[in-house]
Amino acid sequence: MHDSVPSQGSMASARRQGRRQTHRGHSGMTTHFHSIAGLARVSVLGGCALLFGTPAQAVTIIPDKSGFSGYVNVGAGGIEFESNLLAGLASGIVDVGDAYTDDIDSSPDSDSAVIPMLNFELSYTFAETRTQLYLGNLLEDFLTFDLSALAGVRQDIGGAGILGAALVNTSLSADVWEDPYQLNEKRKDTESSSLGYRISWDRIFNTGLTLQYTSKSVEIDTERSGEALGFSKQQRDLLDRNGDLHNLQVSYEFHLASSRHILTPRLHYRDADLDGGAMANDGYGYSLNYIYTHNQRWRWVFNGLYQNFDYGRINPVYGSRDSAERYGISTTAFYTAPFGWKPWTLNVTAAYFEEEHKLDFYDSSVAAVTVALLRRF
């Protein structure tokens, strides 16, 4: 895979080679664009995580030759995080939050941490059948640090696009409080994990349209929400955080000025069908990804996100029903061959995300700056 950007003439020639060759014609500059784009789209999330996510690129590219391919991205960063529910990241590797609280009516205090990052995807392509198997990692939710591993298959179905299916499993679980409402005593942490599947349809009929659906079951090892407040079982059941998460995304990728500018608007729908009626929520959202290629070495990626959620039942802790809005913005700069290291691409991300709730206790936010090196193979 070359980091150089081909001329507009060579791109035009590739576009003239017919429908099947259209897939192949993308494999030069556009494949690299999508690699960079996908990584940067996830850097909206991954900039504040222990692990970057597998590129969630709007248009999947399957190589023309059989064999292994993929990438690795390694680095580190700093985060400032606010949450009353999260106790630790990646099975306790990084501690966040305070085990003691004397107030369940206010927004959380902030904590900071230095985080390592490791992101990868390893793929094997069967060129004859246009089939690709892959394994990678993904940050599913930047504010809850839901870190997942994906193992799946992609199948090129010609002019109809590329179908995908994957198993989604927690790779490094986040720790939450068994009872986040416990006052003036040390709260105990417990693991939160998930298991599910994802199906996708990319390049629908040779367009930039992509559909993706994800379903996961969330399991908290020890769920004791509301016990310290002396709630009845019926009241505690309303606070249960176990359950199912369903996410649907629809996106369309627009290429402008010979792919120097790439715009990808995306619609989101989430249904958090949790066991606790006061925790269950659903809602819609919008995001926009913009990729700008300045020259052969510099690329910039900008992301913006907005989502809103309505909750199902009255929360017994506060006597009212919750609602929430999410905001997010990030920018990532990619610089190819830093210090003359031709196989590598330096990437620097700055990101900020916030979730504001009607019930202040559930507010959360994260700000991050990360530096990493990407290498494709």
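Going by our numbering, 397 is the number at position 361 of the sequence shown; the sequence numbering is gapless.
Ideal Cβ placement from N, Cα and C applies to all residues, glycine included.
Source: prediction; values computed, not measured.
Taking tyrosine 249 as the centre and dropping the five residues before and after it, the same chain places the C-beta of Ile235, Leu284 closer than 6 Å to its C-beta, in chain order.
Take the alpha-carbon of serine 323 and the one of glutamate 227: they are about 30 Å apart.
For lysine 269, no beta strand (DSSP E) segment is defined; the enclosing uninterrupted segment is the alpha helix (DSSP H) at 269-273.
Looking at Glu164, Asn155, Tyr354, Glu214, the one whose alpha-carbon comes closest to that of glycine 103 is Glu164. Of the residues Asp145, Val108, Tyr136, the one whose Cα lies closest to the Cα of leucine 154 is Val108. For alanine 123, same chain residues with a beta-carbon under 6 Å away, outside a window of 5 residues either side, are Gly133, Asp211, Val212, Trp213, Asp225 in chain order. Put simply, of Ser400, Phe370, Phe338 the residue whose alpha carbon is nearest the alpha carbon of glutamine 332 is Phe370. Rounded to the nearest angstrom, the gap between the Cα atoms of serine 253 and serine 207 is 14 Å. Here threonine 258 is exposed. Its C-beta has fewer than 16 other C-beta atoms within 10 Å.
Contact annotation, threonine 367 with valine 405: C-beta distance approximately 11 Å; criterion of less than 8 Å not satisfied.
Rounded to whole angstroms, the separation of the alpha carbons of serine 401 and leucine 292 is 34 Å. DSSP places glycine 195 in the helix class (H, G or I) of the three-state scheme. If you draw a straight line from the Cα of alanine 316 to the Cα of arginine 296, it is about 42 Å long. Of the candidates Ala403, His393, Arg272, Val384, the residue whose Cα lies closest to the Cα of leucine 410 is Val384. In this structure, valine 189 places its C-beta atom within 8 Å of the C-beta atom of threonine 167. Per DSSP, methionine 315 lies in no beta strand (DSSP E) and is assigned neither H nor E. Under the DSSP assignment, asparagine 278 falls outside any beta strand (DSSP E); it carries neither an H nor an E label.
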